[in-house]
Structure formats: C-alpha cells, structure tokens
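Following my numbering, the numbering of the sequence shown begins with 17 at its first residue and continues without gaps. Ideal placement from N, C-alpha and C gives every residue a C-beta, glycine not left out. Presented below is the structure to which this report refers.
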Amino acid sequence: MDWDDLRIFLAVARHGSLGAAARALGTTQPTISRRLSAFERRVGAKLLERSRTGLAPSALGRALLENLGRMEENALAVERLIAAGEAGFAGKIAITSLDWLGDHLVAPLAARFATLNPCVDVELLNDARVYNLSRHEAHVAFRFGPFEQEDLVVRTLGEAGYGLYATGDYLERHGPPDFAAGCRGQAIATLYENAAHVPARRWLQALAPNARVVLHSNEVQALFAPVEAGVAMAALPRVVADRNPRLLRVAAPLPEPSQPIRIGFHAGLRKVPRIRALIDFAAAEFEARAGELKPPP
Numbered sequence: 017m018d019w020d021d022l023r024i025f026l027a028v029a030r031h032g033s034l035g036a037a038a039r040a041l042g043t044t045q046p047t048i049s050r051r052l053s054a055f056e057r058r059v060g061a062k063l064l065e066r067s068r069t070g071l072a073p074s075a076l077g078r079a080l081l082e083n084l085g086r087m088e089e090n091a092l093a094v095e096r097l098i099a100a101g102e103a104g105f106a107g108k109i110a111i112t113s114l115d116w117l118g119d120h121l122v123a124p125l126a127a128r129f130a131t132l133n134p135c136v137d138v139e140l141l142n143d144a145r146v147y148n149l150s151r152h153e154a155h156v157a158f159r160f161g162p163f164e165q166e167d168l169v170v171r172t173l174g175e176a177g178y179g180l181y182a183t184g185d186y187l188e189r190h191g192p193p194d195f196a197a198g199c200r201g202q203a204i205a206t207l208y209e210n211a212a213h214v215p216a217r218r219w220l221q222a223l224a225p226n227a228r229v230v231l232h233s234n235e236v237q238a239l240f241a242p243v244e245a246g247v248a249m250a251a252l253p254r255v256v257a258d259r260n261p262r263l264l265r266v267a268a269p270l271p272e273p274s275q276p277i278r279i280g281f282h283a284g285l286r287k288v289p290r291i292r293a294l295i296d297f298a299a300a301e302f303e304a305r306a307g308e309l310k311p312p313p
C-alpha cells in the first residue's frame, strides 16, 4: 500500500474537502481526486462520503483513520530522529510567518541568514494559515499569538508597539481627532471584528468608537494603503510606520498597545544545527532592534 495514498486520504478526511487537502499537501485538486478514486478502487469500498459539511469518513474510513493517525506520528518521529542526527548546516528550513511581521521583519532576516549560510535553503510561507510544526508543514514559526501544541519549544523575541497614524493631508482635511468625542467625523481602517483579541484593534476601537470605518481587513499590512492614500487613520506597527516619511504619528490619550513576537519549533529539532543557528540569529536580530520594535511613547 502506497503511503502517499494514505496521506491523501488522511488530508481529505481532516480538511473535509479535496481543495483544502490539495492546499495542505501542496498539490492540485484533480490530482487529489484522481489518487483518492484509484485508492478506493483498490480497497474495494468507499472511504469518504459526502455530507452537509463536506466529505466525511465512511465506517471503514473511520476505522482506517484510527490506525493512520498512529502511523503518521511514528513516521514523523522517524523523520525528526533523522533530522536531529544531521551533523551539518546543509539543508532546508521552511519558515512560516504572517502579515506585516513576515513582510517587513522575517523576510529580510531570513535572507540575511541565508546569505551568511549559503548551504541553507530558506523558504518563507507568509500567510494566515497556522502550519502544523509537528507534521513538518514548516520547521520554524514566527507568530504573535500563543503556540497551542505541547511538543514545541517557544521563545519570545520581543514586543511590537503600535501607534495611530495619518498623513498630513488627511489631518488638514479632517482636523485633529477629538478623542473626547470618540473621533466623530474621522475615518479609520481597522481589522475585522473577529480580530477583537488583537491589542491594536481593541485600542483603536476604544479611541475612535464614533469614527467611520472605511475599510475592514484581515491583515494589518493592508491598512497601510488607505492611510498612505490620505483617506483614513489606522493603528500601525511603529517599527514600519515610523520609517515612512508620509505618515505622521498622532498623539493619543490612551497608552499605545503592543503584542509579543514569538518564535517556535518542534522539540525534536532542537539539536539540528541549522535550526539552532536560525533561532539564535533571530534572537540576536530582534534584541538589536528592540528600540525600533517598541519605541518610547
């Protein structure tokens, strides 16, 4: 039995659709469909059935899943043992990050690390998906939020401070914000309501409850454009916005928010030299830029 076929079945069963499984495995939906159909023909039974929520395992599929989960964990454990036994730097590091953190901090950091270590192939996956480090979907993750898996080594690299920004043209047209009036008459760009846990969004909501929201986004990076265009104010990371000559930081009556930046990797990779070197390199880089990341008010 081909392990690749089992992986495909496992991915479809977990994600509930051919498209989501294809994205998780880095292949195409037609390939997933073709391989899954061929696998079911060899087995002689349907392993997945359509439901209102997507594809769900059949009775046989559920029984198979129980054993496949253990097989996958054993296979991943073997991979980690092999990786931990590598003596040199040569090899690949898949890094995952998101939003402005990946664009402005992790991407240049990773490129500098690869320049200093040409035998290391660095790959950056910069999107909102939470890659599973235990399954080697990525080796190292840079994140704002907590790491939920128990088998990871996590280190806090620093704090990213935020401020309120606008252009001079915007302030000339709208005047300085009246915080006592909840910024009535002002326009803001902010994150979606499902990001209410993000400190910068909560802070802006407290400052400007009466402002008109001209843009909701799922990424802070997208908030730069309306601010630079002079049509809105937004809470932006100071390490990026302070370097933009077009943006002015607006003094606000509430303390500026910040959020921790963390790095994590699977505990089984702690002895891999290139992983260890990247972690130390990142820690040194973030320490050197601590004053930029969270400047004084």
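{"Asked": "C-alpha gap between glycine 101 and glycine 107, whole angstroms", "Found": "With a pLDDT of 45 at glycine 101, under the threshold of 50, the modelled position of this residue cannot be trusted, and the question is left open."}
{"Asked": "Buried or exposed by the 16-neighbour rule on C-beta atoms within 10 Å, applied to alanine 103", "Found": "Because the pLDDT at alanine 103 is just 45, under 50, the model does not fix this residue reliably, and the value given afterwards should be weighed accordingly. When all chains shown are included, alanine 103 counts as exposed."}
{"Asked": "Continuous beta strand (DSSP E) stretch holding leucine 231: start and end", "Found": "228 to 233"}
{"Asked": "CA-to-CA distance, leucine 141 to serine 49, given in whole angstroms", "Found": "25 Å"}
{"Asked": "Limits of the unbroken alpha helix (DSSP H) element including phenylalanine 163", "Found": "Where phenylalanine 163 is concerned, there is no enclosing alpha helix (DSSP H), given that its DSSP letter is neither H nor E."}
{"Asked": "Those residues which DSSP pairs with glutamine 275 across a bridge", "Found": "Ala176"}
{"Asked": "Counted within 10 angstroms of its Cβ, other Cβ atoms place glutamate 272 as buried (16 or more) or exposed", "Found": "buried"}
{"Asked": "8 Å contact criterion, which glutamate 82 and alanine 72 should meet: CB distance rounded", "Found": "Not confirmed; about 15 Å, so no contact."}
{"Asked": "Test item: CB-CB of alanine 251 and alanine 216 under 8 Å", "Found": "yes"}
{"Asked": "C-beta atoms of leucine 26 and leucine 84 nearer than 8 Å", "Found": "yes"}
{"Asked": "Beta-carbon proximity list for alanine 154, same chain, < 7 Å, skipping 5 on both sides", "Found": "Ala110, Ile111, Thr112, Leu141, Tyr147"}
{"Asked": "Alpha helix (DSSP H) segment containing arginine 290, residue limits", "Found": "289 to 304"}
{"Asked": "Straight-line gap, glycine 284 to leucine 114 (C-alpha atoms, nearest Å)", "Found": "24 Å"}
{"Asked": "Reduced DSSP category for leucine 15 - H, G, I as helix; E, B as strand; rest coil", "Found": "No information on residue 15 is available, as it lies outside the stretch 17 to 313 that the chain covers here."}
{"Asked": "Check whether threonine 183 and arginine 262 have beta carbons under 8 Å apart", "Found": "yes"}
{"Asked": "Classification of valine 229 by the beta-carbon crowding that lies within 10 angstroms, buried from 16 upward", "Found": "exposed"}
{"Asked": "Alpha carbon of leucine 294 to alpha carbon of arginine 145, nearest angstrom", "Found": "22 Å"}
{"Asked": "Bridge partners - tyrosine 147, DSSP secondary structure assignment", "Found": "DSSP, once it has assigned bridges, lists no residue as partnering tyrosine 147."}
{"Asked": "Element boundaries [beta strand (DSSP E), containing threonine 206]", "Found": "203 to 207"}
{"Asked": "Alpha-carbon to alpha-carbon, histidine 232 and glycine 201", "Found": "18 Å"}
{"Asked": "When Arg290, Ala176, Val156 are compared against glycine 307, the one with the closest alpha-carbon", "Found": "Ala176"}
{"Asked": "Neighbourhood of alanine 211 by C-beta, 6 Å cutoff - its chain only, sequence neighbours within 5 removed", "Found": "Arg217"}
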